[in-house]
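A.B. asks: Sequential numbering of the sequence shown, starting at 6, is according to our numbering.
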Amino acid sequence: MRRAGVEHLMREGGEALWDGQILEAVADEKAWARRLVRAAHAVDGHARAAYGALELVIDDAPPPLETPAAAATEGCP
Numbered sequence: 006m007r008r009a010g011v012e013h014l015m016r017e018g019g020e021a022l023w024d025g026q027i028l029e030a031v032a033d034e035k036a037w038a039r040r041l042v043r044a045a046h047a048v049d050g051h052a053r054a055a056y057g058a059l060e061l062v063i064d065d066a067p068p069p070l071e072t073p074a075a076a077a078t079e080g081c082p
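(1) Look at the alpha carbon of Gly50 and the alpha carbon of Leu41, and state the distance between them as a whole number of angstroms.
(2) His44: buried (16+ other C-beta within 10 angstroms of its C-beta) or exposed?
(3) When you compare only the Cα positions, how much space is there between Leu59 and Ala66?
(4) Which two residues bound the contiguous alpha helix (DSSP H) that contains Ala66?
(5) Given that a residue counts as buried once 16 or more other Cβ atoms are within 10 Å of its Cβ, and exposed if not, what is Ala30?
Following this line, the structure appears as structure tokens:
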């Protein structure tokens with residue numbers, strides 16, 4: 006059965022639906038939701054790892070160098 010969705014099956018109230026069809030659709034929706042949650046956790050994990058790596062790079066970076074040109078224009082508007 007194609008992923009029809011529970012709402013679609015419930016809208017067909019005039020037609021006789023097998024309990025198995027509804028249970029299958031509910032199980033399909035749960036499986037789909039589990040896949041989405043796993044994907045969201047993976048993206049979150051990758052984002053956290055990238056942010057952590059960026060923090061390390063920023064923490065290890067040397068302070069900016071003062072150049073004579075930057076010092077000369079510091080007080081100018």
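Glycine included, each C-beta is placed from N, C-alpha and C at the ideal position.
C.D. replies: This is what the structure holds:
(1) Looking at the two C-alpha atoms, the distance is approximately 14 Å.
(2) It is worth fixing the name first, because residue 44 is Ala in this sequence and not His. A residue is called buried when at least 16 other Cβ atoms come within 10 angstroms of its Cβ; Ala44 does not meet this threshold and is exposed.
(3) Cα-Cα distance, rounded: 11 Å.
(4) From DSSP, Ala66 is part of no alpha helix (DSSP H); its letter is neither H nor E.
(5) Here Ala30 is buried, its C-beta having at least 16 other C-beta atoms within 10 Å.
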